[in-house]
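Line by line, the protein sequences are chains A and B. Reading the first sequence from the start, the letters are residues 1 to 877 in the numbering used here. Reading the second sequence from the start, the letters are residues 878 to 1022 in the numbering used here. Glycine included, every Cβ here is placed at the ideal spot set by N, Cα and C. Reading through the structure tokens given below for one structure.
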Amino acid sequence: MREGSPLARNGGKKQTLLGRLGLARKRRQPVFHELRKKYFSFKELLNANNEALRIIADLEDKLLNPEFLTMSYQRTRCTRIAVEVFKIIRNLEILAGRKDPTLERIFDRLCREMEEELGRSAVVDTKRFVVPLEEIRPEMRDAVGAKSANLAEMKNVLGLPVPEGFAITALAYQRFYEHNRLTGWINSVKMNLDIHDPASVRAASERIQGRILEAEVPQDLGEALLQAYRDLRRKCGSPLRLAVRSSALGEDSVQSSFAGLYESVLNVEEKGLLEAYKKVLASKYSVRAIYYKANKGIRDEDIPMCVCCLRMVNASASGVLYTQDPFHPDRIFVTAGWGLGPSIVLGEMSPETYVLDKKTGSLLEKRRSNQSVMLVPGKDAGTLELPVPRDQADEACLNPGDLEVLVQIARKLEAHYGCPQDVEFSLDERGRLSLLQTRPLAPVRTPETKGLALADVPEQAVLLRAAEAETACGGVGSGLSHRVKDAADLERFPPMGGVLVARRLMPEWIGLLGRVKAIVTEVGSPTGHMASIAREFRVPMIVNARGAVEKIPEGIWVTVDATHRIVYRGRIEAPEIQDAQEHGPIKESPVYKSLAFLVSRIAPLNLTNPRDRSFRASSCKTLHDIMRFCHEEAINSMFAFNDTQTLRKGRVFRLKIPVPLSVFVVDLGGGLAGLEEKQKEVNCDQVTSIPFRALLEGMTTEGVRWAGHVPIGLRDFVSVFANTLYDPLKHERELGARSYAIVSERYVNFSSRLGYHFSTVDAYCGETSNSNYITFRFKGGAASQDRRERRAEFIARVLKARDFWVDQQGDLVNANYKKYSVEDTLAALAMLGRLMGCARQLDVVMESPAHVEYFANLFLNGRYDFFGQPGSSGSLP
Amino acid sequence: MTKKSILLVDDEESFVRSLCPTLEAEGYEVAVALGGREALERVRSGSVDVVILDMLMPDVDGLEVLRRTREVSPLTEVVVLTGHGSVSAGLEAMRLGAFDYLLKPCEPDDLLDRIRRALEKKAIEEERASSRRESAQKRGPGQRS
């Protein structure tokens, strides 16, 4: 209500509405103030209800468009809606004069469930900080993380060659976090993070990582880790070097690979172990990991960072085995290179490639690599880059025997896991194979991998046709080309989207997800981490496209057909362009599931029909139900004003109005004039409420019929009263229906429940257009649902044509008209008055969609007597 | 014509500084407290119509400020404006009598709307209180129901 605004409130501290309007002081009895309080509560309840409905709409929209879904979004919305519904319940309590314990109990339970969901953190189910690989059982997956669990499974169940090692558990992570009180602090930093601002993401990432690296490993945890190292050394012999890698929960799953997002620290010895552990933990908050999680909707709370420590294999060569070629299901795809694994998976070079027939194991295709440097373990710790020795460079990394073993492993893994796998392996100096990781290979869905119809594309538009290149993710994307050499180039990436062209792809590109329409790189491999991520997010990507940087000019529009490995100049329309990046994998993510749960407690509406017996507090299942129930109860309470002592004492006046409606007026100040003692009825000309006068003028416009028999369509009319001639008004009178106008000089709240429909006009019309508003709500009817909906559509159509903002859902119309001039607002109110009259009986005749248009046109052309003219029904569509 | 007085309580000075002009432009008298303790002193000294209150402050926590404000000055309305999204904290604040619990970032129009409504509530409560006093006086001592 706007009377409280500084603009409206122009007097001293005793200058109240009533005082200002010069009403006699003697009228201001305590009971009247109670009424005003109730009325204020009613307004507050309506405000809260509107706000809560907005939040519901926003949540439901997020369910459909979940990009950048975060837990703090959900926390914010849940907090706000809980507060709004709390206000609704409290205000209803004031209106009704009593508490409703059932409602409160249901509300408390729903809030508790939401709170639990919001605060739910992953369950830790081991009592140990460290578990050796041999002792890991499948049910310990949540305690040791996906990587360790998969390695243990290959080692213990399938008997495949996996190096010795141990897992550092979720409990260890928890101990570390609790000891350093990290959770709350990190949440507060993340709360202030703006995911759309790269500088803010970088700053938050640096702060959090710095804090973790400086944090202390608690003594008991530190000892457990070092003891595990020593135990392993006793078993494997000295010197023992470890590969310390992330093994987060939810990592390495079909939906989320986290490929290459977290730190791996190689060649770690005893004294570096704790530092390496912290480094891996800190990488949970690397810039790219933050972006990745935001894009995939992964709740951080769900990912205790477990860590996997494996004995380092002195790898002479390493590689990646795809048990199924992403683009040819009957083939196995292997890439390999000299030295340690990271150079291959990080896409630093184009590795050797082998394509094998899955059934026969025969080699179908082999491509040479361009490898010039390789990664080897440093003498003390860490890794070194060395040139590949000349004699090796000409040699193949894998011999036919290696390939045969890999084919067998591929078959075994697929049979065991039941889906294609992405496997990392290495060969030591003696050619012995070790498996370092397996995870489900993200499925590539065929529709998105379609390229352009080549025949349609002019040959002169071809910028690059890369015969040797490989498709990392198929499909077509187009945008402005942008060359990227370093992180600074990434920040200059076209905000409206573009095609990323680079020699090699750095993980930071993840920050550009959603803007990158396609990727072309000169080196890299379809089995690299970046290729996995491109496939997860369906960004068309060509790797190993020699000369791309030179051939694709900077800043021009290009179209990339990744399926056919061709880059065109200009924008070439293909239906795939729109499809390429829609429907990401976010819907499988924990954060999305969390949203779905929360929305299930908030949004579904079970209480729809106030006339149903089930329309009561105990039937409320969601916050929306509570809102609906309270709203209805509040309206009832307002209707019941005439039962209160106040109103019986003469503060409610029956309005003498030339239409057959029972209208009662409650004056909160300045809405009526010329009242005499004991007066029970008022004439229209005694109404001084500016907006109510306008509404009445509309309602009493000549030609608008509020009563009378409905002439047509009765044969189909489904009604609880199957009269052959139906007069809704007569009915309503029998039902004792009344309309109430609660008014002040500049305000009207006109509620009418006319039999089976309910409408409210709420309007303020003051000095400045800024505070002027009309809200209108119309719902229900006696006819069948489709007819009621058509009437609602008729109303919506008319209101839209008259510049209202309109929202129609089923037979419910919500409309508003805000910040228009006084003249416009009053004209709109008069129109509403006419519309309510005309719409009154319309639902029963709304036989078809054509009726909607017919009546809307009549109304908009100023013809209000829909049924009055003989033969008018004959001209109906 | 007395201006309505708003007390803005937030330890984030830049936030306070950016909000003050908006409130002043609406015709309010704005006072600032950068911590809970200072806020309580100002509330005790009287004549605060609406408090805009942050939750997480280093000295006295927002819920405590709210609780004591309602004790010391029950007619003063409190609108919480905080970055602390939490269902239980929000409900606790409401149970303690906050007028609303808004979350940052918040549109200035939303905040102004809440202030207007809180002031209206305060005016109604004040009138009720004085009218009760009047009728009690009329009836005279000993006749209060």
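- Closer than 8 Å to the CB of L943/B there is not a single CB belonging to chain A.
- Listed by position along chain B, the residues whose Cβ is nearer than 7 Å to that of A82/A are V964, G967 and L968.
- At a Cβ-Cβ threshold of 8 Å, V334/A and L406/A count as neighbours.
- Counting C-beta pairs with one atom in each stretch, the region 285-295 of chain A and the region 195-204 of chain A have three or more that are closer than 8 Å, which means they touch.
- With contacts defined by Cβ atoms closer than 8 Å, P161/A and L340/A do not form a contacting pair.
- DSSP places Q227/A outside any beta strand (DSSP E); the residue lies instead in the alpha helix (DSSP H), whose first and last residues are Q219 to C236.
- Contact of T76/A with chain B by beta-carbon distance below 8 Å involves G962 and L980.
- Between the alpha carbons of V287/A and P304/A lies a distance of about 18 Å.
- As the crow flies, the alpha-carbon of D667/A is around 8 Å from that of V652/A.
- Per DSSP, the continuous beta strand (DSSP E) segment holding W805/A begins and ends at W805 to Q809.
- With a cut-off of 8 Å on Cβ pairs, the region 844-851 of chain A is in contact with the region 772-791 of chain A, counting three or more such pairs.
- Going by beta carbons, P351/A and L375/A fall outside the 8 Å limit.
- Separation of the CB atoms of I510/A and I533/A is rounded to 7 Å, and the pair is thereby assigned contact status at 8 Å.
- The beta-bridge partner set that DSSP reports for T760/A consists of S751/A and R777/A.
- Cβ contact annotation for S739/A (same chain, cutoff 6 Å, sequence separation greater than five): L661, V663 and S752, in chain order.
- Note on the region 409-443 of chain A: there is no whole alpha helix (DSSP H) run with a minimum of 4 residues.
- Counting only the Cα atoms, L958/B lies some 19 Å from N187/A.
- Across the structure, L605/A and H624/A are spaced so that their CA atoms are roughly 6 Å apart.
- Taking V388/A as the centre and dropping the five residues before and after it, the same chain places the C-beta of W338, Q371, S372, V373 and M374 closer than 7 Å to its C-beta, in chain order.
- In terms of CA proximity to L171/A, V131/A leads the group I195/A, I774/A and V131/A.
- The Cβ-Cβ distance between T521/A and A548/A falls below 8 Å.
- Rounded to whole angstroms, A461/A and G570/A show a C-alpha spacing of 7 Å.
- Relative to the Cα of D990/B, the nearest Cα in the group S882/B, E903/B, V949/B and A1013/B belongs to E903/B.
- Interface flag for C111/A against chain B is set, since a Cβ pair is found closer than 8 Å.
- In this chain, Y354/A is not harboured by any alpha helix (DSSP H); it is covered by the beta strand (DSSP E) spanning E352 to D357.
- Closest option to D357/A, judged by alpha-carbon separation, among A410/A, R311/A and K379/A: A410/A.
- For the region 984-1011 of chain B, the residues whose beta carbon sits under 7 Å from a beta carbon of chain A are, in order, R993, R994, L996, E997, K998, A1000, I1001, E1004, R1005, S1008 and R1009.
- In the pairwise beta carbon analysis, the region 135-143 of chain A is classified as not touching the region 228-236 of chain A: fewer than three pairs are separated by under 8 Å.
- Between the region 166-182 of chain A and the region 421-436 of chain A there are fewer than three C-beta pairs closer than 8 Å, too few to call the two in contact.
- The three-state secondary structure of M627/A, taken from DSSP, is helix.
- For V949/B, there is no enclosing beta strand (DSSP E); the residue is found in the alpha helix (DSSP H) stretching over G939 to V949.
- DSSP places E385/A in the uninterrupted beta strand (DSSP E) bounded by T383 to P387.
- For the set R98/A, L95/A, F40/A and R105/A, the Cα lying nearest the Cα of R993/B is the one of F40/A.
- Take the alpha-carbon of S759/A and the one of A815/A: they are about 11 Å apart.
- In this structure, M349/A places its C-beta atom within 8 Å of the C-beta atom of S369/A.
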